[in-house]
Amino acid sequence: SEDALFQLSMGVLSLESRPKARLFTRLDAFERYVSCLVYVPRENFSTTLREQVEHLLSRAYKGRAITFYTSVSDSPLARVNILIAT
Numbered sequence: 476s477e478d479a480l481f482q483l484s485m486g487v488l489s490l491e492s493r494p495k496a497r498l499f500t501r502l503d504a505f506e507r508y509v510s511c512l513v514y515v516p517r518e519n520f521s522t523t524l525r526e527q528v529e530h531l532l533s534r535a536y537k538g539r540a541i542t543f544y545t546s547v548s549d550s551p552l553a554r555v556n557i558l559i560a561t
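This note's numbering numbers the first residue of the sequence shown as 476 and each following residue consecutively.
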């Protein structure tokens with residue numbers, strides 16, 4: 476919905492002024508998967524951390540991580556989009 480997209484966008488924008496670890500989730504309409512946007516301070520990001528987050532999210536949603544997309548740039552935050560099949 477527009478409201479959910481607005482709330483997510485405002486949450487992401489708020490990270491510009493105070494970079495910190497945050498999780499934003501979206502369940503698809505048919506509850507087949509959960510899309511998880513994870514923001515982590517770039518200096519703390521590692522493959523091990525990503526794998527730990529995948530494991531925690533898989534357990535939390537009683538599913539399995541099916542894919543992930545990582546974005547590390549000049550921004551102070553690294554972003555990982557993890558899809559969890561439920």
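Where a beta carbon is used, it is the ideal one built from N, C-alpha and C, also for glycine.
Since the model is a prediction, treat every value here as computed from it, not as a measurement.
| task | Could you check how far apart the C-beta atoms of Ile559 and Tyr508 are, in whole angstroms? I think they sit under 8 Å. | result | Distance from Ile559 to Tyr508 at the Cβ level is roughly 6 Å; contact confirmed, criterion being Cβ atoms closer than 8 Å.
| query | What first and last residue would you give for the beta strand (DSSP E) that runs through Ser546? | reply | For Ser546, the enclosing beta strand (DSSP E) has its first and last residue at 539–546.
| Ordered along the chain, which non-local residues of its own chain (more than five positions away) have a Cβ less than 6 Å from that of Arg539? | Contacts found: Ser533, Ala560.
| said: Which same chain residues end up closer than 6 Å to Phe520 when comparing Cβ atoms and leaving out the 5 residues on each side of it in sequence? | reply: Cβ neighbours of Phe520 beyond the five flanking positions: Ala553.
| request: For Val528, count neighbouring Cβ atoms within 10 angstroms of its own Cβ and tell me buried if that reaches 16, exposed if not. | output: Label assigned to Val528: buried.
| query | Going by Cα to Cα distance, which pick from Gly486, Thr545, Leu490, Pro551 is closest to Thr522? | reply | Distances from the alpha-carbon of Thr522 to those of Gly486, Thr545, Leu490, Pro551 put Thr545 closest.
| field | Minimum C-alpha distance to Leu531 - residue among Pro516, Arg517, Cys511, Ser550 | value | Nearest of Pro516, Arg517, Cys511, Ser550 to Leu531, Cα basis: Cys511.
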